[in-house]
Amino acid sequence: MAHDTEYTLEQMSILNMLRNLGKADVDTMARLIIKEPNTLLQIMNRMVEKGYLEKQKIGRKTVYQITEEHRAKHNPELFNDYTQDIFDCFTQEEKDKYLELSDKLFNSVNTKLNNYFVEYE
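Numbered according to UniProt numbering, the sequence shown spans residues 1 to 121.
Rendered as structure tokens:
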């Protein structure tokens, strides 16, 4: 399936992840997206240059989040178009379980990140 979009698949993954997490550092994102931190850092810094993300220092960490302007433009449904073909191999029950576990993981990571960043503020 061809998709006409301004984003790469990696950028869509990052935007989708940050939409759920709010903000995160490169190491956390690299573990969740399963990418090398240096590779992800390059991608995320290009996204900062394009105005998709903004970064800020919190303690010793640099965290990234979607800019307010870009948050209004980013449509998470575009990511669903990319992944729909991938998930066709699963039953509906398996898809539901995957979404349930993903939500649980995101909530856990978000809580831990918020607690971590509060320590450094």
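Note that CB positions come from ideal geometry on N, CA and C, so glycine has one too. Quantities reported herein were computed from a predicted structural model and do not represent experimental measurements.
Beta-ladder partner(s) of residue 42, from DSSP: Taking the sequence shown and counting its residues from 1, one reaches residue 42 at position 42. Partner(s): none; residue 42 has no beta bridge.
DSSP three-state assignment for residue 112, whether helix, strand or coil: For the purposes of this step, residue 112 is identified with residue 112 of the sequence shown, where counting begins at 1. In the structure shown, residue 112 sits in a helix (DSSP, three-state: H, G or I).
Span separating the alpha-carbon of residue 101 from that of residue 25: The count along the sequence shown starts at 1 and reaches residue 101 at position 101. The count along the sequence shown starts at 1 and reaches residue 25 at position 25. Distance between the alpha carbons of residue 101 and residue 25 is about 22 Å.
Integer-rounded CB distance, given that residue 65 should sit under 8 Å from residue 23: On the sequence shown, residue 23 is found 23 positions in, with the first residue counted as 1. On the sequence shown, residue 65 is found 65 positions in, with the first residue counted as 1. Contact holds; Cβ gap of about 4 Å.
Bounding residues of the alpha helix (DSSP H) (the contiguous stretch that carries residue 73): For this step, residue 73 is matched to residue 73 along the sequence shown. In the DSSP assignment, residue 73 falls within the alpha helix (DSSP H) that extends over 68-73.
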